[in-house]
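Here the structure is laid out as C-alpha cells; the discussion comes afterwards.
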Amino acid sequence: MKQDSLLITGAASGLGRGFALRVARPGVTLHLMDCNENRLKDTASRTAALGARVSIHALDVTDAPAMRRVIEGIGASDDSLDVVLACAGITGGVHDRPNGEIGAACESEYQVKHMVDVNVNGVLNTIFPAIDVMRRQPVASDGFRGRIAAISSIAGLVSFPGTPSYCATKAAVDRFMVATGGNLKRDGILLSSVVCGFINTPMVATNEFAMPGLVQTAEAVERIMAGLEKNRRRITFPRWIAAGSRLMDLLPIGLSERYYQNQPTGAAGSMPVVRQPSDG
Numbered sequence: 000m001k002q003d004s005l006l007i008t009g010a011a012s013g014l015g016r017g018f019a020l021r022v023a024r025p026g027v028t029l030h031l032m033d034c035n036e037n038r039l040k041d042t043a044s045r046t047a048a049l050g051a052r053v054s055i056h057a058l059d060v061t062d063a064p065a066m067r068r069v070i071e072g073i074g075a076s077d078d079s080l081d082v083v084l085a086c087a088g089i090t091g092g093v094h095d096r097p098n099g100e101i102g103a104a105c106e107s108e109y110q111v112k113h114m115v116d117v118n119v120n121g122v123l124n125t126i127f128p129a130i131d132v133m134r135r136q137p138v139a140s141d142g143f144r145g146r147i148a149a150i151s152s153i154a155g156l157v158s159f160p161g162t163p164s165y166c167a168t169k170a171a172v173d174r175f176m177v178a179t180g181g182n183l184k185r186d187g188i189l190l191s192s193v194v195c196g197f198i199n200t201p202m203v204a205t206n207e208f209a210m211p212g213l214v215q216t217a218e219a220v221e222r223i224m225a226g227l228e229k230n231r232r233r234i235t236f237p238r239w240i241a242a243g244s245r246l247m248d249l250l251p252i253g254l255s256e257r258y259y260q261n262q263p264t265g266a267a268g269s270m271p272v273v274r275q276p277s278d279g
C-alpha cells in the first residue's frame with residue numbers, strides 16, 4: 000500500500016494521533032488536522048521527531064470552505080495524496096432533564112445537530128475534496144489512486160437508546176462509505192468504513208460503565224492499517240460484538256429496547272453531554 004503522503008483529521012488525540020505515530024518515518028509527509036491547536040502541535044512534534052515531514056492545519060471539520068481550501072492546496076503542492084483517514088468525531092449520550100424538569104431522559108437539540116455536523120458533515124467535508132484530488136492523480140503501482148477511510152462504529156449497527164444521534168451518525172457514515180465505494184473503486188479510489196467497538200481513547204475516558212471488548216489504540220490502528228492493506232471496504236472489530244449487535248437489530252423493537260434499558264451501558268448520565276459553547 001502506497002502511504003508516502005497522508006491526511007489525518009482528529010490528529011490531536013485518539014485514533015488520529017495513533018495513526019500519525021504509526022506511519023511517521025523519514026520520507027513520509029503528514030498533513031494533520033484538528034480543532035485543538037495545542038494538542039495538534041504536540042502530535043506534530045512527536046511525528047517530526049520520528050523523521051516525518053509534517054504540516055498542521057488547526058481547523059474545524061465542520062468548516063466546509065476551509066476544509067476544501069486546505070485539501071485542494073495539499074493536492075496542488077504534493078506529488079500525491081495516498082491515504083486519507085477521517086478520524087474526527089464526537090460522542091454523547093442521553094441525560095436527565097435539567098433543573099428537575101419532568102420527562103424522559105433525552106439528548107438536547109444542540110447535541111443532536113452538532114453531532115450530525117461533526118460526525119457526518121465533517122466526514123463529507125473531508126472526503127469530497129480528497130476524492131477530487133485523488134481523481135487527478137495517476138494510478139500508483141498498488142493499483143489505486145488513493146485510499147480514504149472513515150471511522151464509523153458498531154453503534155451504527157443498532158438503535159441504542161443510550162446514544163441515539165451517535166448511532167444515527169455512525170450508521171450514515173458506514174452506509175455512505177460502503178455504497179459510494181462501489182462506484183469509486185472504478186476510479187481507483189478505495190473507500191473503507193471502519194466499524195469498530197470501544198477503543199481506549201479520550202473519547203470514552205469519561206464513560207461510567209464497563210466497555211466490553213475495549214481495544215487499545217495501538218491495536219486498533221494496526222487492525223485498521225491491515226484492513227486497508229488488504230483493500231477491505233469494511234473493517235470490523237471486535238467481530239463478536241458486531242455479530243451480536245446485528246442480531247439485536249433483528250429483534251422486535253420493544254424486545255431490544257427492554258434489554259438495552261436494563262443495562263448500565265449508556266444509562267442516562269453515564270456518557271458525556273455535548274454542550275453549546277455558551278453553556279460553559
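Residue numbering for the sequence shown follows numbering that gives the first Met the number 0, beginning at 0 and increasing consecutively.
Ideal placement from N, C-alpha and C gives every residue a C-beta, glycine not left out.
query: Hey, how far is the Cα of ALA217 from the Cα of HIS56?; result: 24 Å
query: According to DSSP, is ARG21 part of a helix, a strand, or is it coil?; result: helix
query: Mind the definition here: the region 110 to 118 touches the region 193 to 207 only if three or more C-beta pairs lie below 8 Å; say whether that holds.; result: no
query: Kindly indicate which three-state DSSP category ASP33 falls into: helix, strand or coil?; result: strand
query: Secondary structure at ALA241, three-state DSSP: helix, strand or coil?; result: helix
query: Report buried or exposed for GLY279, applying the criterion of at least 16 other Cβ atoms within 10 angstroms of its Cβ.; result: With a pLDDT of only 49 at GLY279, under 50, the local geometry of the prediction cannot be trusted, and the value read off the model is given with reservation. With fewer than 16 Cβ atoms within 10 Å of its Cβ, GLY279 is classed as exposed.
query: Contact check, LEU29 vs ALA19 under 8 Å by CB: the rounded distance?; result: 6 Å
query: What does DSSP give as the partner residue(s) for PHE236 in the beta ladder?; result: CYS195
query: Give a yes or no on whether the C-beta atoms belonging to VAL122 and VAL172 are separated by under 9 Å.; result: yes
query: Judging by CA-CA distance, which residue of ASN182, ALA167 and VAL220 is the nearest neighbour of ARG232?; result: ASN182
query: Spatial neighbours of ILE223 within its chain, please: C-beta separation below 7 Å, excluding the five flanking residues on both sides.; result: ALA148, VAL193 and ILE234
query: For ARG52, which of helix, strand or coil comes out of DSSP?; result: strand
query: Among GLY187, LEU190 and PHE208, which one has its Cα closest to the Cα of PHE197?; result: PHE208
query: Residues bridged to SER4 by DSSP?; result: THR28
query: If the criterion is Cβ atoms closer than 9 Å, does the pair MET66 and THR90 meet it?; result: no
query: Note down, in chain order, each residue of its chain lying with its Cβ closer than 6 Å to the Cβ of GLY92, except the 5 sequence neighbours on either side.; result: GLY161, THR162, GLY265 and MET270
query: When we look at the beta-carbon of SER44 and count the other beta-carbons within 10 Å, is it buried (16 or more) or exposed?; result: exposed
query: If you draw a straight line from the alpha carbon of ASN199 to that of LEU14, how long is it in whole angstroms?; result: 9 Å
query: Where does TYR304 land, buried or exposed, given buried means 16+ other C-beta within 10 angstroms?; result: Nothing can be reported for residue 304: it is not among the residues displayed for the chain, which extend from 0 to 279.
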